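Data first, discussion second: the structure below is written as structure tokens.
2 protein chains.
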Amino acid sequence: MGFDRLIEKIAEKQNPTVAGLDPKLEFIPDFIKKKAFAAQESPFKAAADSLLAFNKALIDALCDIVPAVKPQAAYYEMYGYEGMRALAETIAYAKQKNLFVITDAKRNDIGPTMEAYAAAHLGVTDINGEPYEAFGGDALTVNGYLGSDGITPLLKVCKERDKGIFVLVKTSNPSSSELQNLELAKGRTVYRQMGEMCESWGKDSPGGYGYSAVGAVVGATYPAELAELREELPHTFFLVPGYGAQGGGAKDILPAFDSDGLGGIVNSSRAIMCAYQKENCREEDFAFAARREAIRMRDEIMAEIGEIKLP
Amino acid sequence: MGFDRLIEKIAEKQNPTVAGLDPKLEFIPDFIKKKAFAAQESPFKAAADSLLAFNKALIDALCDIVPAVKPQAAYYEMYGYEGMRALAETIAYAKQKNLFVITDAKRNDIGPTMEAYAAAHLGVTDINGEPYEAFGGDALTVNGYLGSDGITPLLKVCKERDKGIFVLVKTSNPSSSELQNLELAKGRTVYRQMGEMCESWGKDSPGGYGYSAVGAVVGATYPAELAELREELPHTFFLVPGYGAQGGGAKDILPAFDSDGLGGIVNSSRAIMCAYQKENCREEDFAFAARREAIRMRDEIMAEIGEIKLP
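Spelled out as structure tokens, the structure:
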């Protein structure tokens, strides 16, 4: 229930990090693209095949190091429906390798429409009475601006199928304060209000380790808010973006964790995917470079946390 | 610039309504599904082919009546990447029939990721130096919870390619007040704050008819808020959901319009798509029933508005 499966993988691997899979073509080694474009005339199909080959190699190199991967839907959608095929096949491959998959799609809509998104990303689609998985992630990022109606259909699927959601609370980007940090008349910020809503939405799905199926996205770039929210939202598991490229360091993300070293998972996308560019190694060795960076990140964060203990 | 192309189509057809294309399988006549599933073994592919056949017939029946269509991305995504193919082909077909296409996907993310969504839905994707349209809508619904960073990449594409966005301001669903109607310390509601942000984001893209490229989603189910926002956001064009099925009537949507009858476009999805079920006519006549309902809706709304005049 809740994020238990994710938490167990984190404890098993002693690694509270998730590798983002945001495979823009410019991040992908030439030898992969050359092969894909030689084999396939359709540009979108060849691009999608490149994405998938890149992701599979990364997953192979990372699957014993990280507990989870987080494909960012936008980087697949930009390659059209072929890109969405690469997303579906990436998710299937990662699950086959026993990774927890967080689909980062920040979906949101009114209730009946949210049922369709819940089916698409966490549940099953009914076709002539038979259930089929469209994308099949383990967790989905969502936006709570529409209130409970847009969250309730997800809670149902989370409960029935042991899935989770991460609601945007305090995002990592520079302008996140424009709305999220405004003070409400009743005396709390908008992000804090959204956080309280997460606690409330999670009430019905208590997990075995104290965290519900309703998590929150809280950026590493705002350590003060991260500390405040960890204290105020004791049952809400955090997805923490903004580490590395966006400026958050290992000390900045420490407040995400409780005294057992649980409570959050830190994302790194570009630093892992593009480690081969930074290392300036042979591009054929990109997956090894990604693995080295994932290990470095794990060790850097675990040096701060100490040990992750299941209560 | 801005929503000028949409406004001209609205004036030309004297019809400020948009037909929502939310083609769940259960809404689609059996004869279409039977044909698609007989021709195709893959359930997702057959489902997507059904969606597309349904949409094309609706578009053929509606294209001289309505100025625009609004496919809701969730109802395609739930059928996987094949569903997304149906979305892309629906958009292409609607544009071929000279309709303005609003892709209702409520996308949102941090800046660099939003560039990918902007490319996917309004712009072009660069593949080996060549530009390709992934989905190719004319406007996109988006969520502004992340502030300016998540909007700026869209504004760039809107300007370069004559497109528009609709930002969620006051949504039509029952729980929209939970966050949106909270009062801020400085004395305005969250939705009003979001509305002011729309005015500000739109400053750089003034349209020829007084409306910028940054529109807002404001539900017909909250006529008081609709009236307040129309008055306070003079350059923001409104997409108004919630008419019909969700409870908004013709008088409720009147405040969306300025004295020229401009300023908004009212959506109806299910009432048009499923008119054949309500009429209880032969399912083979579903497109005629949809056309009758679209005309009825136009006439009902135009009876309130009077005439739409280009200034």
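So the sequence lines, in the order shown, correspond to chains Y and X.
When you line the first sequence up against the working numbering, it's residues 23 to 333, in that order.
When you line the second sequence up against the working numbering, it's residues 23 to 333, in that order.
Cβ atoms here follow ideal geometry from the backbone N, Cα and C, with glycine treated the same way.
Bear in mind the structure is a predicted one, so any value in this text is a computation, not a measurement.
Please confirm whether residue i and residue j have their CB atoms less than 8 Å apart.
| i | j | result |
| --- | --- | --- |
| residue 206 of chain X | residue 205 of chain Y | yes |
| residue 92 of chain Y | residue 40 of chain Y | yes |
| residue 133 of chain X | residue 174 of chain X | yes |
| residue 31 of chain X | residue 90 of chain X | yes |
| residue 83 of chain X | residue 309 of chain X | yes |
| residue 94 of chain X | residue 243 of chain Y | no |
| residue 251 of chain Y | residue 191 of chain Y | yes |
| residue 127 of chain Y | residue 176 of chain Y | no |
| residue 144 of chain Y | residue 185 of chain Y | yes |
| residue 189 of chain Y | residue 216 of chain Y | yes |
| residue 137 of chain Y | residue 146 of chain Y | no |
| residue 333 of chain X | residue 282 of chain X | yes |
| residue 103 of chain Y | residue 110 of chain X | yes |
| residue 74 of chain X | residue 108 of chain X | yes |
| residue 115 of chain Y | residue 57 of chain Y | no |
| residue 76 of chain X | residue 113 of chain X | no |
Note down, in chain order, each residue of its chain lying with its Cβ closer than 7 Å to the Cβ of residue i, except the 5 sequence neighbours on either side.
| i | result |
| --- | --- |
| residue 106 of chain Y | 98, 99 |
| residue 303 of chain Y | 311 |
| residue 221 of chain Y | 255, 257, 258 |
| residue 142 of chain Y | 156, 157 |
| residue 22 of chain X | The first residue shown for chain X is 23 and the last is 333, placing residue 22 of chain X beyond what the model contains. |
Beta-carbon of residue i versus every beta-carbon of chain X: anything under 8 Å?
| i | result |
| --- | --- |
| residue 54 of chain Y | no |
| residue 207 of chain Y | yes |
| residue 295 of chain Y | no |
| residue 176 of chain Y | no |
| residue 99 of chain Y | yes |
| residue 153 of chain Y | no |
| residue 120 of chain Y | no |
| residue 123 of chain Y | no |
| residue 327 of chain Y | no |
| residue 103 of chain Y | yes |
| residue 160 of chain Y | no |
| residue 141 of chain Y | yes |
| residue 166 of chain Y | yes |
| residue 302 of chain Y | no |
| residue 130 of chain Y | yes |
| residue 147 of chain Y | yes |
| residue 157 of chain Y | yes |
Give me, in chain order, the residues of the same chain whose beta-carbon lies closer than 6 Å to that of residue i; leave out the 5 immediate sequence neighbours on both sides.
| i | result |
| --- | --- |
| residue 101 of chain Y | 66, 69, 70 |
| residue 55 of chain X | 72 |
| residue 319 of chain Y | 39, 290 |
| residue 129 of chain Y | 139, 164 |
| residue 202 of chain X | 192, 212, 213 |
| residue 170 of chain Y | none |
Is it buried or exposed for residue i, if we count other Cβ within 10 angstroms and need 16 for buried?
| i | result |
| --- | --- |
| residue 341 of chain X | Lying outside 23 to 333, the shown extent of chain X, residue 341 of chain X is not represented and no answer is given. |
| residue 226 of chain Y | exposed |
| residue 25 of chain X | buried |
| residue 160 of chain Y | buried |
| residue 328 of chain Y | exposed |
| residue 120 of chain X | exposed |
| residue 53 of chain Y | exposed |
| residue 277 of chain Y | buried |
| residue 286 of chain X | buried |
| residue 64 of chain X | exposed |
| residue 151 of chain X | exposed |
With residue i as the anchor, note down where its alpha helix (DSSP H) starts and where it stops.
| i | result |
| --- | --- |
| residue 179 of chain Y | 174-183 |
| residue 98 of chain X | 96-99 |
| residue 63 of chain Y | It is not in any alpha helix (DSSP H) - residue 63 of chain Y carries neither H nor E in the DSSP assignment. |
| residue 292 of chain Y | 292-295 |
| residue 167 of chain Y | Residue 167 of chain Y -> no alpha helix (DSSP H), and no H or E assigned at all. |
| residue 221 of chain X | 212-223 |
Verify the CB distance criterion: does residue i have a CB-CB separation below 8 Å to chain Y?
| i | result |
| --- | --- |
| residue 61 of chain X | no |
| residue 115 of chain X | no |
| residue 192 of chain X | no |
| residue 107 of chain X | yes |
| residue 189 of chain X | no |
| residue 135 of chain X | yes |
| residue 170 of chain X | yes |
| residue 196 of chain X | yes |
| residue 305 of chain X | no |
| residue 289 of chain X | no |
Tell me which residue opens and which closes the beta strand (DSSP E) that residue i is part of.
| i | result |
| --- | --- |
| residue 320 of chain Y | From DSSP, residue 320 of chain Y is part of no beta strand (DSSP E) but of the alpha helix (DSSP H) over 308-327. |
| residue 26 of chain X | First-last for residue 26 of chain X: 26-35, but that is the alpha helix (DSSP H), not the beta strand (DSSP E). |
| residue 205 of chain X | No beta strand (DSSP E) contains residue 205 of chain X, which DSSP labels as neither H nor E. |
| residue 87 of chain Y | Segment: none, residue 87 of chain Y is in no beta strand (DSSP E) and carries neither H nor E. |
Tell me which residues share the same chain as residue i and place their Cβ nearer than 8 Å to its Cβ, disregarding the 5 neighbours each side in the sequence.
| i | result |
| --- | --- |
| residue 322 of chain Y | 272 |
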